[in-house]
Amino acid sequence: MWFKWLPWKYVFRKLALYHGFADPVQIMSHIRRFSHPSEVHEPIELLRAGMVFHARGLINGRVIQHNMDWIWPYWINRQFNPQCQAFIPGAVSFSHVNLSGRNWTAVGVPDFANYPIVDPRGLVTPFWDSWSIDAWILSDKGDLYVPAQMQDVEQYAETGDGFVIVTKTGNKDFLLESKTDADCIDGKYICRTKYVFKTNFSGQFILSLRPYNPEGVSFIHEVEFDSKENKWKVDKKYELYLSNPPNRHIVSDYNSGDVSLKLRTNEKVSDKIICNVGMATTAAIYDIKPETEYKIQTVIGLDGKKVKSPEMYFGVGTSSQIWKQSLDDYCKLNLSWDNFQYIYNAAVRSVILHSPGAAYPGPFTYKRFWFRDACFIVSALLSCGLISRAEKVIKGFFARQKPLGYFHSQEGEWDSNGQVLWAINKFCRLTATKPKESWIQPIIKGAKWIIHKRTPSNLNTPYAGLLPSGFSAEHLGPSDFYYWDDFWAVAGLFSAAQMLKETKYSSDAEEFKKQAQDMMLSIDRSLNMCKQRIGRPAMPASPNRRLDSGAIGSLAACYPVQDFHPSDERLLDTINYLMENCIINDCFYHEISHSGINPYLTLHLAQALMRTGDGRFANLINGVAGFASATGQWPEASNPRIGTGCMGDGQHIWACAEWIIMMIDSFVYEQNGSLIIGKGIIKDWLKEGNNISIGPVWTSYGQIVVTLNRNHEKIVVNWQGKWFGLQPKIQIELPGFDKISAQSGKTSVEIEVGK
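Position one of the sequence shown corresponds to residue -7 (our numbering), numbered consecutively onward.
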């Protein structure tokens, strides 16, 4: 305990000044003056992640720029190429990190939390933050064909019997195809890549172990090739099997350069390499003849279990059955418009894959837990009928709750309690059940934490009665009194009240409802002060901010929590500000932190537009679809000029969840005790003869399947419900047509086009 009493600030200041450095204590003090005083200046979890991220960048800076004759990943070939639009000058950058090509896609097996990733050129990284496997073709004339260095590459996801990433590279002289997936064979999880290739020349096919991944350098210190078992053993830990024995095997260390530099020489065959720098490379070389199709597979175990009989792992396992079971009775979309259906199918599989118990917002950079992302993922799982999977994620929430009720994933972020209570309530509503007995006390403690966390309501300040200053949602800016937190807190209190009102804890329910109403009054007072200060009703990110892109957080009042009515002038003016100032290429550009196109926040804005009856929502949905990768994924943010990832995980699962919800809500969503059908249907979806549908969608009233069909001059809207009780009120609100209130008992309406 004596350790913390040492005068560390004094020691650090003296050491820094003695060695000629600026005073670090003074610098930190000045940095924190840009934030409002907060219990937690920066969440330790984010500081730790940032340190790891930039440590990699420092290593990249020591290796890449003076070894450009190596074969590097696709993003490096672009970001370090001055003739490419993705070029970023390194100059005196503190670290060299991937800011131009943060795109990748995970494969896996449902309920198994290890995710191999594949980059846009087929580079396979089998483990979290590990080395990778690449494949090239060398012609007899010495031409080396490397997918990472080629432009004409096709990639897509196969979603039929699982989730397979297919990458095709070729020209008039050759075709190289790889298919990467994960499987479960005899209880062992494996990552498998199948290579199929054919050339019109003699040459060589090369499989190479690479000491990097889509983030940059990832060390390989030792590799040994076992010719008897036809496998690589990497760092005495990982075993990667080849289906066919190579004709020869060569290796290289850092001082000798990349193994690719030795392919055209008579390099001595070697089965082992040790590199103290950690940049060992190897090549398994196969001789090939023209006009002959070859098939070679690589397989590596993902769970650390010893492979007893390698041959069997080149066969077919049970992953297709596991996928089929995981997709049983999910909400299916039938929409033959652009790539919407393809993205939806990929998104559903992505949220399934990344919710093995906990919910992860990404397979790589973001493979850690946030309540914020998890609650949006749970919401998508619930709406599309994956109820048991959502319940499993919710059950994991309670172990993360602190004794005083705080649902903690990152210290100093105050939105989590409201989000958890809202998500649990959605589960109860959509399943027509009361909260489980074991959930009651966590719900009560979570709601009471919100109440106790509020600042006093009687202060003469714009943040009286709100939650305290916090580092919330990361992307809104420095610590402040964010309305995002407050709207979630109100939703959480109302949710707790709704769940408990018909239980023996009804008195708690009344108190939570009363506190929610009081907090809404505090928000109203604060927003009125903002209106006087900025001269318009639009809602900034906090009471202390002017309008900027952070105002996107205040749209939570409309979507998803519905604290405000869609006609509220504060909501409408916020939407107009964002549409007039923050839209690039029909997507929301977030200037704070992300400095890129943000898909999931664009869809938040699209949801708000749709619910307020503003037809501009269609442009945003189309814009987000246009930024999807070839595998139907998005990074957290994309460069608005070149469209590739610049921020966050290269496969952002929150964005996948938002696409699922956007597609469902376009057909049907709940508002003010009614089901609203068709309010997000884009007119181009309903061409002559088109039949579009979605369902079963889970709602508070039961499950519903919605179908729309256009024949000649009529649009037929049909719905079939499996209700918990009587059919709810149903409103048909197709854009461009009059609203229709469905008569009780009816299951369809006809709308005449042009009238």
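Glycine residues also receive a C-beta, built at the ideal position from the N, C-alpha and C atoms.
Under the three-state reduction of DSSP output, Tyr230 falls in the strand class. Only residues of its own chain outside the window of five on either side were considered, and among them Arg702 have a CB closer than 8 Å to the CB of Lys679, listed in chain order. Distance from the CA of Ile125 to the CA of Glu214, rounded to the nearest whole angstrom, comes to 15 Å.
Taking one beta carbon from each stretch, the segment 266 to 283 and the segment 146 to 161 have fewer than 3 pairs nearer than 8 Å; the two do not touch.
Where Glu429 is concerned, the enclosing alpha helix (DSSP H) starts and stops at Glu429 to Lys445. Fully contained in the segment 638 to 673 are the following beta strand (DSSP E) runs of length 3 or more, in chain order: 660 to 663 and 666 to 669.
When beta bridges are read from the DSSP output, Val689 appears opposite Ile696. Counting the other CB atoms within 10 Å of its CB gives Arg256 a total below 16, which places it among the exposed residues. In the structure shown, Arg240 falls within a strand segment according to DSSP collapsed to helix, strand and coil.
Collapsing the DSSP output to three states places Trp362 in coil. Each of Ile567, Pro470, Thr447 and Glu572 was checked against the Cα of Ile515, and the nearest Cα belongs to Thr447. Going by DSSP, Arg202 is part of the beta strand (DSSP E) stretching over Gly195 to Arg202. For Ile80 and Cys638, the gap between their C-alpha atoms comes out near 11 Å. Ile292 is the residue among Gly296, Ser311, Ile292 and Gln77 whose C-alpha sits nearest the C-alpha of Pro302.
At a Cβ-Cβ threshold of 8 Å, Phe619 and Gly642 do not count as neighbours. Between the segment 197 to 209 and the segment 61 to 80 there are three or more C-beta pairs closer than 8 Å, enough to call the two in contact. The beta carbon of Met655 lies closer than 8 Å to those of Leu325, Leu327, Phe332, Tyr336 and Ile686 in the same chain, with the five residues before and after it left out. With a 10 Å radius around the Cβ and a threshold of 16 neighbouring Cβ atoms, Leu9 comes out exposed.
Pro395 counts as exposed, since fewer than 16 other C-beta atoms from the protein chains shown sit within 10 angstroms of its C-beta. When only Cα atoms are considered, Ile645 and Trp362 end up about 12 Å apart. In the DSSP assignment, Trp128 falls outside any alpha helix (DSSP H) and within the unbroken beta strand (DSSP E) covering Ser124 to Ser131. Excluding the 5 residues flanking it on each side, Gly542 has same chain C-beta neighbours closer than 6 Å at Leu468, Gly469, Ala533 and Ile584, in chain order. Where Ser740 is concerned, the enclosing beta strand (DSSP E) starts and stops at Ser740 to Glu744. Taken in chain order, the whole beta strand (DSSP E) runs of length 3 or more contained in the segment 552 to 606 are 579 to 582. Shortest Cα-Cα distance from Lys180 to any of Asp153, Ser122, Val101 and Gly249 involves Val101. Put simply, the backbone Cα of Leu700 is about 18 Å away from that of Gly737. Your pair Gly713 and Gln695 checks out as a contact, with CB atoms roughly 7 Å apart and the cut at 8 Å. Note on Arg633: under 16 other CB atoms within 10 angstroms of its CB, so exposed under the neighbour-count rule. Across the set Gln490, Asn683, Asp510 and Val299, the C-alpha of Asn683 shows the shortest separation from the C-alpha of Ile707.
The three-state secondary structure of Gly208, taken from DSSP, is strand. Counting only runs of 3 or more residues that sit fully inside the segment 300 to 344, the beta strand (DSSP E) segments are 324 to 326, in chain order.
Inclusion of Ile652 and Ser375 in the CB contact set at 8 Å is warranted, their separation being smaller than that value. With contact defined as three or more Cβ pairs closer than 8 Å, the segment 538 to 554 and the segment 579 to 594 are in contact. Of all alpha-carbon atoms in Gln411, Thr310, Leu492 and Glu572, the one lying nearest the alpha-carbon of Glu429 is that of Leu492.
Note on geometry: alpha-carbon atoms of Thr357 and Gly388 lie some 21 Å from one another. Scanning the segment 368 to 419 from its first residue to its last, the whole alpha helix (DSSP H) runs of 4-plus residues come out as 379 to 389.
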